[in-house]
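Notes follow once the structure below has been shown.
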Amino acid sequence: MEPLFSEVLARLNEIGATINRIGSGDQSNVARGLNLIVESAIKVVPGASAVIYTYDEGLHAFDPASRVSIGETTAPVPGDEPRPNGMGTRAVSQKRRVISYEEPDLDIHPIKVNAGARTVACFPLMVAERALGALYVYLHDDRSFSQLELLMLENFVNQAAMAIYQARQMDAVKSELRRKENELVRLRRAGLLISSRLRLEETLETILQMALEVTNARYGIFRLMDRGGHNLITRAIAGEHLTRPLVEALPIDSKSVMGWVAEHRQPVRISDLLAEPWVSIYYPLDSNLQMRSELAVPLIGASGRLEGVLNLESTQINAFSEEDSHLLQALATQAVTAIQEARLLDALQEVAQLLLVQPCQQVLNRLVDLACDLLNAAASTIWTIRGSNLVLQACTTGYPREPSIPLQGSLTGQAVATCQPVTADDVRTDPRFHRPDLARIHGWTRALIVPLLAGDDCDPIGALSVYSAGTDPGRFADSEWDKKVLTCLAHYATLAVQNAARMEALRSAQEQRSVAETFAAIGDIAANLLHKLNNKVGTIPVRVEGIMDKCGPALEADPYLAKNLAEIERSASEAMASVQESLSHLHPIHKAPVSIASCVSASITAAALPEGVRVQSEGLESLPIVVAGMHSLTLVFTNLLENAADAMSGEGTVTIRGTSSASWVEITLSDTGPGIAPELHDRIFELSYSSVASTRPGKLGFGLWWVKTAMARLGGSVSVESDGEHGTTFLLRLPREEQP
């Protein structure tokens, strides 16, 4: 007996080692292990035969091709495979061993009986309550199995079950790996195709086609969320024989499948669209097609913000598996990045074209719209620095056109001061935000603000901001992509502002040159005219004096003649003085260091303003010295003060303020009059308009053409700001004196 136990233990050890090697990738280890088991079975039961079949629980059948056998009665014979109602079926269904002499209602397989089998024991091969196969042991003698034989066979049965289980697990793992590799290949191909598309529409269509391909689906629709975050807008649709596709915008709510996915931000796989609750909310893809299953996944960016929903449908029930859902979610992740990049590329191409052909204001207006589109924001603004304030240059609809906000202490000013992006979680309660009332009205919550940086030194010139609304969980603070997008748009805004400044500088330089050349030519003509007038008119006083000297007695006798001669002398002298003074403005201006405060003081005295007009000055004494003509600049201020007094009908306040930058000094002259309509801002500087205005006392801008011309000759500029209702502000810019 002891030699038998030793042999059995050796066999068990060898079988165990073989089973352990099944995971090495050598499939021969499985067959070798099962062969060892059947060989061991007939060793412990002398004169027996043994055979093993694997079992498929899904098909409820044994696999004849899996047969492993040894012994005289187990030679393959057609028709000797396990019967549907035989001992093997009972063993695996009842999960117990079945012995022929214990089952009087079961007959031994006739073919086995003909081969000499008299007793049969069938052991189910079980692992974790799962039937994996059966071991048949046949005796040629009409006897019972001993308890020792049955015990030793049970050990081999457990080993056989583990061998089959291990082999199947390895097959499942390898199959899953092959499937994953195939999915990765398809996703990689999809990613390459998606990223190769340049336009957004092409990208969306490619994403939808790739989704159909990787899931073997036939119908699909792609919807993106609108700017307001309330609806899903159809952007791409695909499918065979679509006759009446329904592409209307869907609200983000639980009244449609795609709306439900967008609202809950969860994928959904529907095996049967006719089942509740989906049948109640299903929105048809096509009026003439009946869909039975659906797979929809949300497209969510890195910040958590919803971009849209990708939806696939089928006319077959249960057409999509859980693997399809995972695959589509992986594709959706790639799609989000591709969509964001395509939208940004489209936007940059558009802005680049606008920079070449459109004025600065139109470019800035388009940039704030694009910022909202790219970041799903509710509002956007662009500000530029002017002195200690930020002036609004562009904004989306719904943002009021307020004149300015302080640079210090404001949320936007912080981005400018630090030259870094600034975020706010809730501008309704953030003390740095200058209009919390506006935020509450429009429901704005989060804010992202980036500075406009110019030049190699990255000097700030303003800021670009966006504000989001609603309960969308996407947070600017968590998304580097949002910051990069807005920074990129801010760069284009900077280019637009700088380009406008350069164009204005070029135009101003050309205008200054043209004015200088014109005045030089007119000055020559004026000098010649003055010379001729002096020769003709200038001799009148001399001749009158000669008459008075020679005809004194006659003049004493005729007071009327004496009076008229004196009047002729006076008129001629005044005429020459008036001509000389008027033509003096045409002479070249000799520029020199000039104090703004001194010019303003002199102009207030020269203007002889009505008593009801008050003039206030702020910050003029501390302004740097400018390079200008003292007389010409004083006349400019005098002209503007007189115009302001006329516009205010002799009652009001004129405020003169000054600021400076590295190269310029800016002076603003503001009145409390009725203002100038925006459509007249350019016309008031025209010569014809000034001429007309001069005949209408108390109306707009007498001599503003001369003011603009004089400022151009001084190397500066003048512009006007007014809403047509609340006063007028003239902005004058003059070059600073260069420091040695």
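Quick note on numbering: the sequence shown equals residues 1453 to 2192 in our numbering. For each residue, glycine too, the CB sits at the ideal point set by N, CA and C.
Spatial distance of H2042 from G2081 (CA atoms): If you number the sequence shown from 1, residue 2042 lands on position 590. If you number the sequence shown from 1, residue 2081 lands on position 629. Their backbone Cα atoms lie some 6 Å apart in a straight line.
Quick check on K1564: buried or exposed, where buried means 16 or more other Cβ atoms within 10 Å of its Cβ? Stepping through the sequence shown from its first residue, residue 1564 is reached at position 112. K1564 should be labelled buried.
Does DSSP put G2004 in a helix, in a strand, or in coil? Here residue 2004 is taken as the residue at index 552 of the sequence shown, counted from 1. Three-state result, G2004: helix.
Excluding the 5 residues preceding and the 5 following Q1866 in the sequence, name in chain order all residues of the same chain whose CB lies nearer than 7 Å to its CB. What you label residue 1866 is simply residue 414 of the sequence shown in a count that begins at 1. Here the set comprises V1874 and R1884.
Would you call the CB atoms of L1747 and R1721 closer than 7 Å? Counted from its first residue, the sequence shown places residue 1747 at position 295. Counted from its first residue, the sequence shown places residue 1721 at position 269. Between L1747 and R1721, the C-beta spacing is below 7 Å.
Terminal residues of the alpha helix (DSSP H) in which P1888 lies: Taking the sequence shown and counting its residues from 1, the one referred to as residue 1888 is at position 436. Taken as a continuous stretch (DSSP letters only), the alpha helix (DSSP H) holding P1888 covers P1888 to H1894.
Spatial neighbours of S1706 in its chain, beta-carbon cut-off 7 Å, leaving aside the 5 residues before and after: For the purposes of this step, residue 1706 is taken as the residue at position 254 of the sequence shown. W1712, E1715 and I1733.
Can you tell me the Cα-Cα spacing of Q2068 and C1910, whole angstroms? Numbered from its first residue, the sequence shown carries residue 2068 at position 616. Numbered from its first residue, the sequence shown carries residue 1910 at position 458. Each residue's CA atom was taken as its position, placing Q2068 and C1910 some 36 Å apart.
Counting C-beta neighbours from all protein chains within 10 Å, is the total for D2010 16 or more, i.e. buried, or is it exposed? For the purposes of this step, residue 2010 is taken as the residue at position 558 of the sequence shown. The residue in question, D2010, is exposed, as its Cβ has fewer than 16 Cβ neighbours within 10 Å.
Ignoring anything shorter than 4 residues or poking outside the stretch 1480 to 1545, list the alpha helix (DSSP H) runs there in chain order. Inside the stretch 1480 to 1545, DSSP marks whole alpha helix (DSSP H) runs of 4 or more residues at positions 1480 to 1496, from first to last along the chain.
Of the listed residues H2083, Y1851, L1863 and S2113, nearest to A2162 (C-alpha basis): The residue given as residue 2162 occupies position 710 in the sequence shown. Comparing alpha carbon positions, the residue from H2083, Y1851, L1863 and S2113 closest to A2162 is H2083.
Roughly how many angstroms lie between the CA atoms of L2072 and A2049, to the nearest whole one? Here the question's residue 2072 lines up with position 620 in the sequence shown. Here the question's residue 2049 lines up with position 597 in the sequence shown. So the alpha carbons of these two residues sit roughly 5 Å apart.
DSSP bridge partner residues for L1577 (one or two, in chain order): Position 125 of the sequence shown, counted from the first residue, corresponds to residue 1577. Answer by DSSP bridge pairing, in chain order: G1585.
Since G1760 sits in a beta bridge, which residues does DSSP pair it with? Position 308 of the sequence shown, counted from the first residue, corresponds to residue 1760. DSSP lists L1676 and L1751 as partners of G1760.
Environment of S2195 [buried if 16+ CB atoms lie within 10 Å]: Residue 2195 is absent from the structure shown; the chain starts at 1453 and stops at 2192.
Anticipated Cβ contact below 8 Å, G2179 with A2129, distance rounded: In the sequence shown, the residue the question calls residue 2179 occupies position 727. In the sequence shown, the residue the question calls residue 2129 occupies position 677. Not really, about 13 Å apart at Cβ, beyond 8 Å.
Excluding sequence positions up to five away, which residues of its chain have a Cβ less than 6 Å from the Cβ of Y1588? Position 136 of the sequence shown, counted from the start, is the residue given in the question as residue 1588. Once the five neighbours on either side are set aside, the close Cβ partners of Y1588 are V1503 and C1574.
With DSSP collapsed to three states, give me the class of T1849. In the sequence shown, counting from the first residue as 1, residue 1849 sits at position 397. T1849 carries a coil assignment under DSSP once its states are collapsed to helix, strand and coil.
What does DSSP give as the partner residues of D1911 in its beta bridges? Taking the first residue of the sequence shown as position 1, residue 1911 is located at position 459. BP columns for D1911 point to A1906.
Quick check on D1882: does DSSP put it in helix, strand or coil? Taking the sequence shown and counting its residues from 1, one reaches residue 1882 at position 430. It is coil, neither helix nor strand.
Among all the DSSP beta bridges, which residues are the ones paired with I1901? Within the sequence shown, residue 1901 is the residue found at index 449, counting from 1. Under DSSP, the beta-bridge partners assigned to I1901 are V1874 and S1917.
Assign A2145 to one of two classes, buried (16 or more other C-beta atoms within 10 Å of its C-beta) or exposed (fewer than that). Here residue 2145 is taken as the residue at index 693 of the sequence shown, counted from 1. With a pLDDT of 42 at A2145, under the threshold of 50, the modelled position of that residue is not reliable, and the figure given next carries that caveat. Only buried fits A2145, as 16 or more other CB atoms lie within 10 angstroms of its CB.
Anticipated Cβ contact below 8 Å, L1947 with L1819, distance rounded: The sequence position of residue 1947 within the sequence shown is 495, counting from 1. The sequence position of residue 1819 within the sequence shown is 367, counting from 1. 10 Å between Cβ atoms; not a contact.
Which residue's Cα is closest to the Cα of T1571: S1501, M1614 and Y1851? Residue 1571 sits at position 119 when you count from the first residue of the sequence shown. Comparing C-alpha distances from T1571 to each of S1501, M1614 and Y1851 shows the shortest one belongs to S1501.
Compare the Cα-Cα distances from S1739 to each of L1684, D1825, M1539 and P1697 and report the closest residue. Start at 1 with the first residue of the sequence shown, and residue 1739 comes out as number 287. Ranking L1684, D1825, M1539 and P1697 by Cα distance to S1739 puts P1697 first.
By Cβ distance, which residues of its chain are closer than 7 Å to L1741, with the 5 residues on each side in sequence left out? Sequence index remark: in the sequence shown, residue 1741 carries index 289 (1-based). Result list for L1741: T1767, in chain order.
How big is the Cα-Cα spacing for A1921 and D2098? Stepping through the sequence shown from its first residue, residue 1921 is reached at position 469. Stepping through the sequence shown from its first residue, residue 2098 is reached at position 646. Taking the straight line from one Cα to the other gives about 48 Å.
Considering only residues of the same chain and omitting the five flanking positions on each side of S2074, which have a CB-CB separation below 6 Å? If you number the sequence shown from 1, residue 2074 lands on position 622. Contacts found: none.
Between the C-alpha atoms of R1717 and M1662, what's the straight-line distance to the nearest angstrom? Here residue 1717 refers to the residue found at position 265 of the sequence shown. Here residue 1662 refers to the residue found at position 210 of the sequence shown. In a straight line, the C-alpha of R1717 is about 22 Å away from that of M1662.
CA-to-CA distance, A2114 to L2087, given in whole angstroms: Start at 1 with the first residue of the sequence shown, and residue 2087 comes out as number 635. Start at 1 with the first residue of the sequence shown, and residue 2114 comes out as number 662. Rounded to whole angstroms, L2087 to A2114 spans 26 Å at the Cα level.
Between the alpha carbons of A1517 and V1625, how many angstroms are there, rounded? Residue mapping note: residue 1517 aligns to position 65 of the sequence shown, counting from 1. Residue mapping note: residue 1625 aligns to position 173 of the sequence shown, counting from 1. Taking the CA atoms as reference points, A1517 sits about 22 Å from V1625.
Proximal residues to D1798 (C-beta, below 8 Å), its chain only, five neighbours per side dropped: The residue labelled residue 1798 in the question sits at position 346 within the sequence shown. Closer than 8 Å at Cβ, skipping near neighbours: R1651 and L1652.
Stretch-stretch touch, CB-based, cutoff 8 Å, three pairs: the stretch 1751 to 1759 with the stretch 1779 to 1795: Between the stretch 1751 to 1759 and the stretch 1779 to 1795 there are three or more C-beta pairs closer than 8 Å, enough to call the two in contact.
Of the listed residues P1852, V1918, D1908 and A1771, nearest to D1889 (C-alpha basis): Sequence index remark: in the sequence shown, residue 1889 carries index 437 (1-based). Of the candidates P1852, V1918, D1908 and A1771, the one whose C-alpha sits nearest the C-alpha of D1889 is P1852.
If you compare alpha carbons, which of R2185, S2174 and L2156 is closest to G2168? Here residue 2168 is taken as the residue at index 716 of the sequence shown, counted from 1. Nearest of R2185, S2174 and L2156 to G2168, Cα basis: R2185.
Could you tell me how far apart the beta carbons of A2027 and V1989 are, in whole angstroms, since I believe they sit closer than 8 Å? Here the question's residue 2027 lines up with position 575 in the sequence shown. Here the question's residue 1989 lines up with position 537 in the sequence shown. The beta-carbon separation of A2027 and V1989, rounded to 6 Å, stays under the 8 Å limit for a contact.
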